[in-house]
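Asks:
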Amino acid sequence: KLLAEANDFCSDCNITTLILRSKKMKEVGGRIPPFIDDLLHLKRQDGVITIALGMGDETSIPVFYHKPEDAFQHPNGNTMLKALEWMMNTLQNIERTETENGKYFKLLEMY
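FYI, in my numbering the residues of the sequence shown are 3 to 113.
1. Using the three-state DSSP reduction, which class does residue 28 fall into: helix, strand or coil?
2. How many Å lie between residue 47 and residue 66 at the Cα?
3. Are the C-beta atoms of residue 54 and some chain C residue less than 8 angstroms apart?
4. Could you pull out every residue in the same chain whose Cβ sits closer than 7 angstroms to the Cβ of residue 86, ignoring the five residues on either side in sequence?
5. Can you check which of these residues, 98, 72 and 55, is closest to residue 79 by C-alpha distance?
And the structure:
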């Protein structure tokens, strides 16, 4: 009955997913499996990439992402954005780095 009410609530309020948690219990109403849909805006200025949430402008590149709700994410959203900026700028720098034999790097391996 609780799950039926959660599904009705999702429909009535135009919510994609409602996660009900209690001691050692988790029920999911609405879209299963639950996903997080978000929009980031990439902007390159003076060779540096910045990432922002919310509304972009005509010079930013919108990036939509869709990931499982229970996938790892940093609990501090600002730290996560800074980590993404670091990765994007590191990839950009690797792309431009020439090796001793005149070739360019094509891979970034992270653990």
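From the three backbone atoms N, C-alpha and C, an ideal C-beta is built for every residue, glycine too. Every value quoted in this text rests on a predicted model; they were computed, and no experiment measured them.
Replies: Concretely, from the data shown:
1. Of the three classes helix, strand and coil, the one that applies to residue 28 here is strand, per DSSP.
2. Distance between the alpha carbons of residue 47 and residue 66: 21 angstroms.
3. Structure shown: chain C not included; a single protein chain is present.
4. For residue 86, the CB contacts under 7 angstroms within the same chain, skipping 5 residues up- and downstream, are 53 in chain order.
5. If we check each option's Cα against that of residue 79, 55 comes out closest.
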